Each structure stands twice: as structure tokens, then as C-alpha cells.
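> Residue numbers (this note's numbering): 193 to 516.
Beta carbons: idealized from backbone N, C-alpha and C, even for Gly.
Just so it is clear, the structure is predicted and the values come from calculations on it, not from any experiment.
1. Can you tell me where the beta strand (DSSP E) holding residue 427 begins and where it ends?
2. So, for residue 352: in the same chain, excluding its five sequence neighbours on each side, which residues have a beta-carbon less than 8 Å away from its beta-carbon?
3. Can you find the residues in the same chain that come closer than 6 Å, C-beta to C-beta, to residue 409, ignoring five residues on each side of it along the sequence?
4. Buried or exposed: residue 517, going by 16 or more other Cβ atoms within 10 Å of its Cβ?
5. How many Å lie between residue 265 and residue 356 at the Cα?
6. Does DSSP put residue 309 in a helix, a strand or coil?
7. Tell me the DSSP bridge mates of residue 316?
8. Spell out the partners DSSP gives residue 283 in its beta bridges.
9. Taking the C-alpha atoms as reference points, what is the distance between residue 261 and residue 323?
10. Does the Cβ of residue 203 have 16 or more other Cβ atoms within 10 Å, making it buried, or fewer, making it exposed?
11. Do you know offhand how far residue 451's Cα is from residue 402's?
12. Residue 394: buried (16+ other C-beta within 10 angstroms of its C-beta) or exposed?
13. Do residue 471 and residue 396 have their C-beta atoms closer together than 8 Å?
14. From residue 384 to residue 486, what does the alpha carbon distance come to, in whole angstroms?
So this is what it looks like as C-alpha cells:
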């Protein structure tokens, strides 16, 4: 999908609903930076602190849930740094970026992967019920987004908190509409486009091997959707791609970017081979390419209820203006 070619997105408001710190950068960092750079007001709402996450490297292993349990607090700082890099969640008082947590800081807890004991915690996000829907409805009323971005029904790869983020997003939009509140015109689902990931891995295979200690993914190991299920893409400039890279690197406990840099979390630099995309991995050390595009599926369209004029609705297609 290629929309109109106007660069100026001033006046457009976008809300991204993400499950954990780092999801905003990993799934939509390029798009959020791209839209903000073009003048849109972009806000990320984060539903948990990611307390159940694993940690890359040895230095901060004691933060994990079954040891000190302090990881969530550490990840707040990582999130703040990433949002600053992306240029979103701008605070007019401090002129910096401020994380926005659903229900307030630490209201809901990371549920862990499917079947994890952590899902039985009363504060687990999967147990958030109507309260989470109401909280997000309030944010929609406050931020008045024209566009909301979240995951598809499977959460992108099946994580229960991602699935829950999808559920509450659509429920909150419906609740706002039925109550006469603000109605976003579009809900977009961020997806991983398998063919583009595969092309990035092939580019690596053509010039070399993964960085030391990292490994190739097994067939079908990386979740994604086929191109025929993609409705739109954001094509990032070099500036956008670099912003995504730096935002991902800010989440150093969770994402290891092979850009030659080191951090307080891990001081073992990894570098992507010449001629290959910038590479990254999670704690599983499975190599993935940092793509220059991000892909989306249209989840919901509410033209008639949004109150936007036909011209304003047409302007929403400018989010996906190719090559801008």
C-alpha cells in the first residue's frame, strides 16, 4: 500500500499499545520514529514492566524474577531512554520523553510465557479484566488518537500479554465508541513479515556467518506472517532505521544489537558482517536482521464513527507513504 506523498503529519495523533518495555522498539520502533519525525504526535502506552524477562549477559542476572525480582524497575530506565531516541511520549514540561504505563506504574505484572506460574499472580496482565479496558479507554479519551497500533489476535508470536494487549485495545475502542467517546479511525496490527526476514538472513548467508556465539534460526522458529497478509508498510529512511537500532540497543538487558557497541549490561561487542543488515538477537542468541521496513495488517476501520472528514481520513494513508 502506497499512500499520498505529503511529508507533514502535523496534527495526526498515534497511540501504540505494547505489552512490555522493548516491544515498542522491536516491533514498531522504525515506524514510531518515522511518524514522529514527520510531525505526528506519537504516544506509547506500556502495559507491564516486563518483570518476567530474561537478561542478556552475566552482570545483571540477579535482577530476574526468581532471584531479586528487580528487573521491572531497571527496565523503566531502559524504556525511557528508548522513547527519547524515538522522539515519542514527549513531555511538554521537561521537553523529554516520559513512559506511560497502563493503570500507572506496575499496576499489572508481566504474565510470562504461556503456562508460566507467573500468570497466576493476581496482578498478572492476563488477569487484568475490565479494569484494563477501562484504563485504556481513558487514555484513548485523553490522547484522542486518530490511529492505534497494537498486535494481531495471536500477539505476533503467542505471548499471553501480547494477546491481552490486542484484546483490550479492540475492547477499549469499542467501549469508547459505544459510550460516545473519542473513536480512532484505524487500528493497525504490527506484524513480522516472514519473507523480508528471510531475505535479510539470506543477505547474511551471502557474506558470512552470525556473530560469535549467535546461531541461525531453525526453519519456522521465528514467528511471522506471509506477505499476502500485509496491508501496509513503513519504509524507513536511514535516520529512522538508525533510531530503531539505537532504541533497541537501549533495551540492553533484552536485545543485543551487533552494531559494534557495548553497554553497562554487556561489554562484549558484536559487529554485523559487511554487506549484511544490522543484526540483533534476544537472550536466546538467535540471529535476526534489523529490517528497513515495518509491516502492518489493518485490524479495524471506523470511518463513520471517527468524526473525521473524508479529507482527514485520506490523510491517514500518508502514514504509509513509500520512500518518505
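Per the coordinate set shown:
1. 424 to 427
2. 303, 304, 305, 306, 311, 317 and 318
3. 478
4. It is not possible to answer for residue 517, since the shown part of the chain is limited to 193 through 516.
5. 22 Å
6. helix
7. 301
8. 288
9. 25 Å
10. exposed
11. 13 Å
12. exposed
13. yes
14. 8 Å
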